[in-house]
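Trainee: Read left to right, the sequence shown gives residues 425 to 498 (the numbering used here).
Glycine included, each C-beta is placed from N, C-alpha and C at the ideal position.
Fair warning: this is a prediction, and the values are worked out from it, not measured in the lab.
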Amino acid sequence: MQEIKNSQHSLRRETRKIVGIQIIDGRCIDKNKLSHLLVQKFGKDAFQAEMRHNKFFIRARSRLTEDEIRTCFH
Numbered sequence: 425m426q427e428i429k430n431s432q433h434s435l436r437r438e439t440r441k442i443v444g445i446q447i448i449d450g451r452c453i454d455k456n457k458l459s460h461l462l463v464q465k466f467g468k469d470a471f472q473a474e475m476r477h478n479k480f481f482i483r484a485r486s487r488l489t490e491d492e493i494r495t496c497f498h
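1) With I448 as the anchor, note down where its beta strand (DSSP E) starts and where it stops.
2) I need the straight-line Cα distance from F481 to M475, nearest angstrom please.
3) Go ahead and label F471 buried or exposed: buried means 16 or more other beta carbons lie within 10 angstroms of its beta carbon, across all protein chains shown.
4) According to DSSP, is I493 part of a helix, a strand, or is it coil?
5) Using 8 angstroms as the threshold, is the C-beta distance between I447 and K479 below it?
6) For a quick check, are the C-beta atoms of F497 and I453 less than 8 angstroms apart?
7) Please say whether L461 and T489 have beta carbons closer to each other than 8 angstroms?
Structure below.
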């Protein structure tokens, strides 16, 4: 499984049809759960994720829903 990394070593992936950036407050998010969700939903090579200033910046072909984000809480 790919790990979400800090901005200095951010996860970069080849992507298709990226629809913009979704920003998620990282204070209550377990990054391992988020990483697993992103791989399950988009595939391991179909998203970009980076953490900066306690926020996750996610680029993918669609946005995560509020319910999906809640599954990543601590």
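Mentor: Answer, in terms of the structure:
1) The residue given as residue 448 occupies position 24 in the sequence shown. From DSSP, the beta strand (DSSP E) with I448 extends over 445 to 449.
2) Here residue 481 corresponds to residue number 57 of the sequence shown, with the count starting at 1. Here residue 475 corresponds to residue number 51 of the sequence shown, with the count starting at 1. Near 6 angstroms, if we compare the C-alpha coordinates of M475 and F481.
3) If you number the sequence shown from 1, residue 471 lands on position 47. Classification for F471: buried.
4) Along the sequence shown, one-based indexing puts residue 493 at 69. It is helical.
5) In the sequence shown, counting from the first residue as 1, residue 447 sits at position 23. In the sequence shown, counting from the first residue as 1, residue 479 sits at position 55. Cβ atoms of I447 and K479: closer than 8 angstroms.
6) Your numbering for residue 497 matches position 73 in the sequence shown. Your numbering for residue 453 matches position 29 in the sequence shown. In contact: F497 and I453 (Cβ atoms closer than 8 angstroms).
7) Locating residue 489 in the sequence shown gives position 65, counting from the first residue. Locating residue 461 in the sequence shown gives position 37, counting from the first residue. Cβ atoms of T489 and L461: not closer than 8 angstroms.
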